[in-house]
Structures are given as structure tokens and as C-alpha cells.
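Q:
Numbering (my numbering), first residue to last: 440 to 570.
#1: On the criterion of 16 or more Cβ atoms from any shown chain inside 10 Å, does residue 546 qualify as buried, or is it exposed?
#2: Compute the Euclidean distance between the alpha carbons of residue 496 and residue 542, then round it to the nearest angstrom.
#3: Would you decide whether residue 519 is buried or exposed? Buried here means 16 or more other CB atoms lie within 10 Å of its CB.
#4: On the criterion of 16 or more Cβ atoms from any shown chain inside 10 Å, does residue 466 qualify as buried, or is it exposed?
#5: Measure how close the beta-carbons of residue 531 and residue 555 come, nearest whole angstrom, since I'm counting them as under 8 Å.
#6: Roughly how far, in whole angstroms, is the beta-carbon of residue 549 from the beta-carbon of residue 514, given that I think they are within contact range, below 8 Å?
#7: Closer than 7 Å to a non-hydrogen atom of the ligand NAP - does that hold for the CB of residue 503?
#8: With a Cβ-Cβ cutoff of 8 Å, do residue 493 and residue 455 count as a contact?
#9: Excluding the 5 residues preceding and the 5 following residue 458 in the sequence, name in chain order all residues of the same chain whose CB lies nearer than 7 Å to its CB.
#10: At what residues does the alpha helix (DSSP H) containing residue 497 begin and finish?
#11: Please state if the CB of residue 522 and the CB of residue 536 are separated by a distance shorter than 8 Å.
#12: How would you label residue 506, buried or exposed, when you count the other beta carbons within 10 angstroms and need 16 or more for buried?
#13: Which first and last residues belong to the alpha helix (DSSP H) in which residue 453 is found?
#14: Check the DSSP bridge columns for residue 532 and list the partner residues they point to.
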């Protein structure tokens, strides 16, 4: 198992997609007006761009707007950057998650809230080329 707190970059974006309900068994799926194509463990938009909610506010915005993450604030002393917490009645984790940017902290909290504080490490690391 891998700690959600350690996810970053394309791997974090992949787990956000998984938490959103996308999976690699379906070539193209729609969720909340977002079309996402899963090729292996890579997440792509039909336009050819990468799915990057941990670094793209326009992609993270709909997730944030649903109100599943709360408490974003500068991290406490001794922790890097920002901290965020998942909040929903069905959250599998409500502990704080940290990131060097606000979006990284928010997306880690979101993934943990949906799937728990750890994810399987048996899945291949995604090969999404960062733009």
C-alpha cells in the first residue's frame, strides 16, 4: 500500500480520476461534463491534454465546488505548504493532508476522503506527460 500523502504529479492525478469514478476498463467515460480517456494508467482529455487536477485549477474547481474538501489553510509549523481535510458524511479519512501547493493538499485530501489514507501500490505508476 502507498500513503495518499506521498502521491504527487501524474500518480496523484490518476488517483483523483479513480476517486472520481473513472477506471481503466472503460475507454471513455463522462462525469460532471468531463470526458476523460484512460489509456493504460494514463489520463487524457479528448483535446489531447493531460488530466491534471493537482496543478490545474480549472480541472480541480468542480471537485472543490462539490464541497468534499474543507479546511484549506497554510500548513502548521513544521509542515510544508498547505493543509486540507476531506469533509463529508461518508469520508473514509478526515485527517489533514499536506502539499507544497494548495491544489496538491486539496487533491490528497479528496482522494483520502474517497478511498482512505492508502491506495494499492500494485497498480502501475501512470505515464502522464506533464505539460
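Note that beta-carbon positions come from the ideal geometry of N, C-alpha and C, so glycine has one too.
A: For this structure:
#1: buried
#2: 7 Å
#3: exposed
#4: Below a pLDDT of 50, predicted positions are generally treated as unreliable, and residue 466, at 47, falls in that range; the measurement from the model is reported next regardless. With fewer than 16 other Cβ atoms within 10 Å, it is exposed.
#5: 4 Å
#6: With 8 Å as the limit, residue 549 and residue 514 do not qualify as a contact, their Cβ atoms being about 17 Å apart.
#7: As far as ligands go, the structure on display features none, and thus does not contain the ligand NAP.
#8: yes
#9: 549, 550, 553, 554
#10: 496 to 504
#11: yes
#12: exposed
#13: 448 to 458
#14: For residue 532, which the question treats as bridged, DSSP gives no partner whatsoever.
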